[in-house]
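Down below is the structure, laid out as structure tokens.
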Amino acid sequence: MSKKVMFITQSAVIAAIYVVLILLFQPFSFGEIQVRVAEALTVLPFFTPAAIPGVTIGCLIGNLIGGNVMDMIFGTLATLIGAVVSYAVRKNQYLVPLPPIVSNALIIPWVLKYAYELPFSIPFLMLTVSIGEVLSCGILGLVLLTALKSCRGINWTPWKTNTAQ
Numbered sequence: 645m646s647k648k649v650m651f652i653t654q655s656a657v658i659a660a661i662y663v664v665l666i667l668l669f670q671p672f673s674f675g676e677i678q679v680r681v682a683e684a685l686t687v688l689p690f691f692t693p694a695a696i697p698g699v700t701i702g703c704l705i706g707n708l709i710g711g712n713v714m715d716m717i718f719g720t721l722a723t724l725i726g727a728v729v730s731y732a733v734r735k736n737q738y739l740v741p742l743p744p745i746v747s748n749a750l751i752i753p754w755v756l757k758y759a760y761e762l763p764f765s766i767p768f769l770m771l772t773v774s775i776g777e778v779l780s781c782g783i784l785g786l787v788l789l790t791a792l793k794s795c796r797g798i799n800w801t802p803w804k805t806n807t808a809q
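Residue numbers (the numbering used here): 645 to 809.
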């Protein structure tokens, strides 16, 4: 399989899993108190850069399902920023969940306050979003990362193989 096809396939599968997780856990994937289980996938840039478009597109589709236009734009942007910076810090697996936690904590409260007109203060929304992101990215994400890392015999970096393409 060519590198390009592998990249697109990985991205599509990650996006699909993200959307499925949004649908399965929709009751608490949105709102002022949210634990978006799908955000655990933001640790996947540790394994492949294909996770960056994967989680970004998954987030966009998820926000199309349950959000509004501002959520589609800024929620997706928060996930994109988190995924790109996670990829940049991938040399330390314990830092990988931190960028999506921070980007979502800084961006999503403004969306909740002004797009959804929630009556809560920005600091309160930052706290609630941060708690949800720590649960989804920090705890679930690190569990996922550790579990995937322990899978022997799986080539997580197909773009570095020596096979002729």
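Think of the CB as a built atom: it goes at the ideal place given N, C-alpha and C, for glycine as much as any other residue. Small disclaimer: the values here were computed from a predicted structure and weren't measured.
Close-in-space but distant-in-sequence residues of the same chain around residue i (CB under 8 Å, 5 per side omitted)
i	result
residue 733	739, 740, 742 and 743
Straight-line Cα distance separating residue j from residue i
i	j	result
residue 697	residue 788	19 Å
residue 703	residue 763	25 Å
residue 708	residue 650	26 Å
residue 780	residue 714	22 Å
residue 705	residue 794	30 Å
residue 786	residue 724	19 Å
residue 737	residue 718	26 Å
residue 700	residue 774	19 Å
residue 710	residue 663	11 Å
residue 767	residue 745	15 Å
6 Å CB neighbourhood of residue i in its chain, flanking five on each side removed
i	result
residue 673	666 and 680
residue 692	654
residue 756	676, 762 and 769
Three-state secondary structure (DSSP) of residue i
i	result
residue 736	coil
residue 703	helix
residue 662	helix
residue 795	coil
residue 691	coil
residue 761	coil
Exposure of residue i, with buried meaning 16 or more beta-carbon neighbours within 10 Å
i	result
residue 790	exposed
residue 761	exposed
residue 678	buried
residue 689	buried
residue 765	exposed
residue 783	exposed
_At least 3 beta-carbon pairs within less than 8 Å: the region 673-683 vs the region 646-657_ = Contact fails: fewer than three Cβ-Cβ distances are below 8 Å.
_Cβ pair count under 8 Å reaching 3, the region 650-664 against the region 750-758_ = The region 650-664 is not in contact with the region 750-758.
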